[in-house]
Amino acid sequence: VELQPKIAKAYLEAESNLFAFIELAKGAPSAERAMKAEAISLLNTLRELVAHGKVPAVVDYVQSLLEEDEQVFITCTHRAVAEAYVNHLSKYTMPNGEACRVVRVEGGMTDSAKMSSVDTFQSGEANVLVGNVIASGVGITLTSGRHHVSSCLPWTSADLLQCEDRLARRGQEREVVSHVILGCIEGNLTIDERLFALIDAKCGVLNAVLDGAEFKSDNSNLINDDMTSSATAVLESYGWTVREHGSVED
990 VELQPKIAKA YLEAESNLFA FIELAKGAPS AERAMKAEAI SLLNTLRELV
1040 AHGKVPAVVD YVQSLLEEDE QVFITCTHRA VAEAYVNHLS KYTMPNGEAC
1090 RVVRVEGGMT DSAKMSSVDT FQSGEANVLV GNVIASGVGI TLTSGRHHVS
1140 SCLPWTSADL LQCEDRLARR GQEREVVSHV ILGCIEGNLT IDERLFALID
1190 AKCGVLNAVL DGAEFKSDNS NLINDDMTSS ATAVLESYGW TVREHGSVED
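Okay, structure coming up:
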């Protein structure tokens, strides 16, 4: 989806800051841990801007699924974005004339509160469950629905697949459909597009290994499916050159 002009402008300004920082880092003898952490922080700023910029389009897309009387599982990574989905979708009127009911699963919830949201969705009482990628990616079953909308890409292919699997667990009798919504700016390769290309490549590696194929690559960032490797790979797509790899926390 195309980002709104105001968000797109803010995104391009933030991206310029990233390019400037990368250019500055090239003068260092090596990519030190602190500098890399700062660069990843700038990447996360881009991710958050894109996430906010996609909200109107994602809401419209989800409403089109709700019009077909489908339940929808939305995943995102930022609390403010999750709140925006809850606020917008709660105002939607379902085809039966009732208000759309939205529940959440996020970090910091008690186990009982989390399961209350899951049970409400599973019973069909809730039309939409908005979940944090990490908090809702494991330990829950959402087979009442069959549509997963990834509104904010996680750093790893494993986290994306885990979210999809919440719908594809035992008891699911229908085809599960995963919708990945990317934020785009004409003439610019956004972080969404860069990260999706990386996740898609990592899924290809995983499928090849599971099929018994021999896979060799000198790019450890493609083979390793963790936040640091993914962030490093995305940084390199912007021109970052790393000679020393350290562990950087998200």
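In our numbering, the protein residues as written are 990 to 1239.
Heads up, the beta-carbon is just placed ideally off N, CA and C, and yes, glycines get one too.
For clarity, every value in this text was computed on a predicted model and none was experimentally measured.
Margin query: Residues in the same chain with beta-carbon distance under 7 Å from residue 1192, minus the five sequence neighbours each way, listed in chain order, please.
Written below: 1146
Notebook entry, point to check: Helix, strand or coil: how does DSSP classify residue 990 here?
Noted result: coil
Next item on the list: Apply the 10 Å Cβ neighbour rule to residue 1023 and answer buried if 16 or more other Cβ atoms are within range, or exposed otherwise.
Entry: exposed
Checklist line | Spatial distance of residue 1125 from residue 1009 (CA atoms) | finding: 36 Å
Margin query: I need the boundaries of the beta strand (DSSP E) containing residue 1122, first residue and last residue.
Written below: It is not in any beta strand (DSSP E) - residue 1122 carries neither H nor E in the DSSP assignment.
Next item on the list: Mind the definition here: the segment 1171 to 1181 touches the segment 1094 to 1107 only if three or more C-beta pairs lie below 8 Å; say whether that holds.
Entry: no
Check: Using CA coordinates, which residue listed in 1159, 1040, 1047, 1035 is at the minimum distance from residue 1249?
Finding: No answer is possible for residue 1249: it lies beyond the span of the chain, which begins at 990 and ends at 1239.
Notebook entry, point to check: Between the C-alpha atoms of residue 1174 and residue 998, what's the straight-line distance to the nearest angstrom?
Noted result: 10 Å
Notebook entry, point to check: In three-state DSSP terms, what is residue 1179?
Noted result: coil
Check: Do the CB positions of residue 1074 and residue 1063 come within less than 7 Å of each other?
Finding: yes
Item checked: Opening and closing residue of the beta strand (DSSP E) in which residue 1092 lies -> 1091 to 1094
Notebook entry, point to check: Are there 16 or more other CB atoms within 10 angstroms of the CB of residue 1112, so buried, or fewer, so exposed?
Noted result: exposed
Next item on the list: Go ahead and pull the three-state DSSP assignment for residue 1173.
Entry: strand
Margin query: Using C-beta distances below 6 Å, list every residue in its chain close to residue 992, excluding the 5 sequence neighbours before and after it, in chain order.
Written below: 1042, 1172, 1174
Checklist line | Burial state of residue 1012 (16 or more Cβ within 10 Å) | finding: exposed
Check: Roughly how many angstroms lie between the CA atoms of residue 1204 and residue 1057, to the nearest whole one?
Finding: For residue 1204, the predicted structure reports a pLDDT of 49, less than 50, and the residue's modelled location is therefore unreliable. The matter cannot be settled from this model.
Check: Would you say the segment 1152 to 1170 touches the segment 1080 to 1090, given that touching needs at least three Cβ pairs under 8 Å?
Finding: no
Notebook entry, point to check: DSSP three-state call for residue 1063: helix, strand or coil?
Noted result: strand
Notebook entry, point to check: Within 10 angstroms of its Cβ, does residue 1177 collect 16 or more other Cβ (buried), or is it exposed?
Noted result: exposed
Checklist line | Nearest-angstrom Cα separation, counted from residue 1216 out to residue 1130 | finding: 25 Å
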